[in-house]
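Chemist: One structure is given below, represented as structure tokens, and several questions about it will come after.
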Amino acid sequence: MVLKGKVHKFSDDINTDDIIAAKYLVSTDAQELGKHCMETIKPDFSQAVSPGDIIVAGNNFGCGSSREHAPLAIKGCGVSAVIAKSFAAIFFRNAINIGLPFLESEDVDKINNGDIIEIDLATGVINNITQNKQFKTQAFPEFLQQIVECGGLINYIKRQSAK
Amino acid sequence: MAYTIAEKILLKHSGQKSIKPGEFIEAKVDVALANDITAPLAISEFKKSGFRKVFNKNKIVLVPDHFAPAKDLKSANQCKILADFAREQGIKNYFEIGCMGIEHALLPEKGIVMPGDLIVGADSHTCTYGALGAYATGMGSTDLARAYIDGKCWLKVPASIKFVYKGKLNKWVGGKDLILYTIGQIGVDGALYKVMEFCGPVIRKLGMDDRFSMCNMAIEAGARAGLIEPDEKTKQYVAGFKRKPKFYYSDADAHYEKTYEWDVTNLEPQVACPHLPSNVKPASSLKDIKIDQSVIGSCTNGRISDLRIAAALLKGKKVARGVKLIVFPATQKIYLQAVKEGLAEVFVRAGGVFSTPTCGPCLGGHMGILADGEVAIATTNRNFLGRMGSPKSFVYLSNPAVAAASAITGKITHPARI
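Those protein sequence lines, which keep their order, are chains A and B.
Take the position in the first sequence, starting the count at 1, then add 42; the result is the number in the working numbering.
Take the position in the second sequence, starting the count at 1, then add 795; the result is the number in the working numbering.
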């Protein structure tokens, strides 16, 4: 799968309260959650996102709570993928389980806010179209690729149990 | 092959012959927990999957605690989803208000979680139960839905980091200070994807309540789990429950990715300043930080020994003018004990609020939201921007003694000054 979009840059340690504040956790609807994505730290974020845009962040993205509402809010506001230097463990598995594509890359500092980039999830190649540069990151482990290919964990389990 | 306690528990639940850090495993879970924020999503995913019955109704726990007692119509409807699902599936470990508590204090208290268990919870502070010598880890709602289906979860076996605490703790210093100090030293991603194993003579002397406080905040350093090997105190704690514990211990030659060793003899109460749990300073170094609110409770520090410490300082004293003191015991049992011991009266006479158990204030849910510009000292676990309400508010994290002392003086205060 190849995804293309404009970059929205974030710093290190973006936590789940930043991504979606607890007061909005009275809904499980991705679109509704998406309206308030990143509201605490960037109040106009959801309006600034065009469908397909990509979040690029530093270390420990998604630290804090286990709320799956966080990756849902990101997906719901139209973001197609997240690239970060590292991800917090629960966010990492939530993103896989709900099918929000992401990549870990040490090269995020070479990407600027507003750049247009293209990412190939199968190969782990990030193509910075604005700067005409390419970076290679590690592809997903096979086990996780299977879950993503099935469209999330529940579909994966259904397929396993059908075997 | 030598293993850590975490690896032994995962090995046992994986059914494999061996495991190693970095490996993906499928493991059977003993307890699958969710609350009124995470369960509705898990239940809807489960229902969408086409499966009708949960794998084992006795291994599923549902606790409406975050926005309960329901703070508004939307949260009432979320809580009702849990009640309906529990009835429909015959889940007996569903705890309605009146018999509930904050999940991570409630489950050990009821003997639902045991040493040696693999516990998954759709709440990041599920790691609390590591204090029993269990592997307990936070996950998402879809993970829970999957566990409802077949009783399993996928895991990447984490490497372990060992934390050895030596020396003798000062008065007013406890488990909360040790974990805040630790997070201050290693950072909020200092144990990312790792298991934190807490050991050494200082840990052996800690009571169970302090151990729960420590393991509770392992997630604040990015850890998958925080564990303490069982000992006589653990055995005493779980004696008398229906479920039988299994005690695991790390092998002497087990592999640790790193070992930290600290002499904590001179450690003083620690305070995490806004807006990260790793922004830690000694209490006495904070001068003239005026507070508007002091919050004592939560899954981190809402246990009976925490309330005793706070009440000992507040007895016969008054909360400073303009300061809101909110005390919320973690469970109904702790609440009743606090009433019996006269602690509740101490808090009310001091001019504080003594609340029913709820996660409310900690996550900016209800029961004590911070206004623009307000400052709180709290015994909770997170001080992220806007965590307890306004994005323009400030949260300092501490132990119950510092929070109580600060309520009396109106500014962040070392309890020795009271």
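Built from N, CA and C at the ideal position, the CB exists for glycine as well.
Small disclaimer: the values here were computed from a predicted structure and weren't measured.
Compute the distance between the beta-carbons of V915 (chain B) and M934 (chain B), then report whether it is under 9 Å.
Modeler: A contact, by the Cβ cut-off of 9 Å.
Chemist: For L1108 (chain B), which residues of its own chain have a beta-carbon under 8 Å away from its beta-carbon, when the five flanking residues on both sides are left out?
Modeler: Excluding sequence neighbours, L1108 (chain B) sits near A1196, A1199, A1200, I1203, P1210 and I1213.
Chemist: With a cut-off of 9 Å, does the C-beta of C105 (chain A) fall near any C-beta of chain B?
Modeler: Closer than 9 Å to some Cβ of chain B, the Cβ of C105 (chain A) qualifies, so yes.
Chemist: Please report how far the alpha carbon of K1039 (chain B) lies from the alpha carbon of M909 (chain B), in whole angstroms.
Modeler: Each residue's Cα considered, the two are about 7 Å apart.
Chemist: Does I116 (chain A) have its Cβ less than 9 Å from a Cβ in chain B?
Modeler: No, its Cβ sits nowhere closer than 9 Å to a Cβ of chain B.
Chemist: Quick one: does V150 (chain A) have its CB under 9 Å from some CB of chain B?
Modeler: Chain B contact via Cβ: absent.
Chemist: Count Cβ pairs between the stretch 48-61 of chain A and the stretch 861-871 of chain B that sit closer than 8 Å; are there 3 or more?
Modeler: Too few Cβ pairs lie closer than 8 Å, so no.
Chemist: In whole angstroms, what is the alpha-carbon distance linking I91 (chain A) and C119 (chain A)?
Modeler: According to the sequence as given, residue 91 (chain A) is Val; it is not Ile. So the alpha carbons of these two residues sit roughly 7 Å apart.
Chemist: How long is the line joining the alpha carbons of P1064 (chain B) and Q187 (chain A), rounded to whole angstroms?
Modeler: About 46 Å.
Chemist: In chain A, what lies closer than 7 Å to P835 (chain B) by C-beta?
Modeler: Those are T70, listed as they occur along chain A.
Chemist: Taking the DSSP output, what are the residues bridged to V826 (chain B)?
Modeler: Per DSSP, B:I914.
Chemist: Which chain B residues are close to G194 (chain A), counting only those with a beta carbon under 8 Å from its beta carbon?
Modeler: Going along chain B in sequence order, the residues near G194 (chain A) (Cβ under 8 Å) are T937.
Chemist: Just how far apart, CA to CA, sit S108 (chain A) and A130 (chain A)?
Modeler: Approximately 10 Å, taken between the alpha carbons.
Chemist: Only counting the same chain, and skipping five residues up and downstream in sequence, which positions put a Cβ closer than 8 Å to that of Q1127 (chain B)?
Modeler: Around Q1127 (chain B): G893, C894, M895, G896 and P1152.
Chemist: So is D86 (chain A) in contact with chain B if we call contact Cβ pairs under 9 Å?
Modeler: No, D86 (chain A) does not count as interfacial toward chain B.
Chemist: Looking at the C-beta of V952 (chain B), does it have a partner C-beta in chain A at a distance below 9 Å?
Modeler: Cβ-Cβ to chain A under 9 Å: no for V952 (chain B).
Chemist: Closest to M1012 (chain B) by CA distance: which of B:T932, B:K1135, B:A829 and B:R1144 is it?
Modeler: Looking at the Cα atoms, B:T932 is the closest of the given residues.
Chemist: With distances taken from CA atoms, which of B:G995, B:F1179, B:I1086 and B:F850 is nearest I1207 (chain B)?
Modeler: The shortest Cα separation from I1207 (chain B) among B:G995, B:F1179, B:I1086 and B:F850 belongs to B:I1086.
Chemist: Which runs of the alpha helix (DSSP H), 4 residues or longer, sit entirely within the stretch 1011-1059 of chain B?
Modeler: The stretch 1011-1059 of chain B contains these whole alpha helix (DSSP H) runs: 1027-1033.
Chemist: Which full runs of the alpha helix (DSSP H) of 4+ residues lie inside the stretch 845-886 of chain B, going along the chain?
Modeler: Segments of the alpha helix (DSSP H) lying fully in the stretch 845-886 of chain B: 868-884.
Chemist: Check whether the Cβ of T82 (chain A) lies closer than 9 Å to any Cβ atom in chain B.
Modeler: So yes, T82 (chain A) belongs to the interface.
Chemist: On the CB-based measure, 16 or more other CB atoms within 10 Å of its CB, does K205 (chain A) come out buried or exposed?
Modeler: By the neighbour-count rule (16 or more Cβ atoms within 10 Å), K205 (chain A) is not buried but exposed.
Chemist: What is the residue span of the beta strand (DSSP E) that F993 (chain B) lies within?
Modeler: It spans V990 to C994 - the beta strand (DSSP E) in which F993 (chain B) sits, taken as one unbroken run.
Chemist: From B:A829, B:V983 and B:T1029, pick the residue whose C-alpha is nearest to that of P903 (chain B); which is it?
Modeler: The residue with the shortest Cα to Cα distance from P903 (chain B) is B:T1029.
Chemist: Name, please, each residue of chain D whose Cβ falls closer than 7 Å to the Cβ of A1133 (chain B).
Modeler: Among the protein chains of the structure shown, namely A and B, there is no chain D.
Chemist: Output yes if chain B places a C-beta closer than 9 Å to the C-beta of D60 (chain A); else output no.
Modeler: Closer than 9 Å to some Cβ of chain B, the Cβ of D60 (chain A) qualifies, so yes.
Chemist: Check for me: the beta strand (DSSP E) holding Y960 (chain B) runs from which residue to which?
Modeler: Residues S955 to K961.
Chemist: Do we get a CB-CB distance below 9 Å when we pair T921 (chain B) with the residues of chain A?
Modeler: Yes, T921 (chain B) counts as interfacial toward chain A.
Chemist: State the start and end residues of the unbroken alpha helix (DSSP H) segment that holds E840 (chain B).
Modeler: Residues A834 to K843.
Chemist: Could you give the C-beta distance for K947 (chain B) and E802 (chain B), rounded to a whole number, given that I count them as a contact under 8 Å?
Modeler: Wrong, their Cβ atoms sit about 18 Å apart, outside the cutoff.
Chemist: Around the Cβ of E883 (chain B), are there at least 16 other Cβ atoms within 10 angstroms (buried) or fewer (exposed)?
Modeler: E883 (chain B) should be labelled exposed.
Chemist: Under the DSSP definition of a beta bridge, which residues are partnered with T1126 (chain B)?
Modeler: Its beta-bridge partners are B:G896.
Chemist: Mind checking if V1114 (chain B) is an interface residue toward chain A, Cβ cutoff 9 Å exclusive?
Modeler: Cβ-Cβ to chain A under 9 Å: no for V1114 (chain B).
Chemist: In angstroms with no decimal places, state the Cα-to-Cα distance between Y976 (chain B) and S1073 (chain B).
Modeler: Each residue's Cα considered, the two are about 8 Å apart.
Chemist: Which residue wins for smallest C-alpha separation from E1056 (chain B), given the options B:A1067, B:Q980 and B:K875?
Modeler: Comparing Cα positions, the closest option is B:Q980.
Chemist: Roughly how many whole angstroms lie between the Cα atoms of K1000 (chain B) and Y930 (chain B)?
Modeler: Near 22 Å, if we compare the C-alpha coordinates of Y930 (chain B) and K1000 (chain B).
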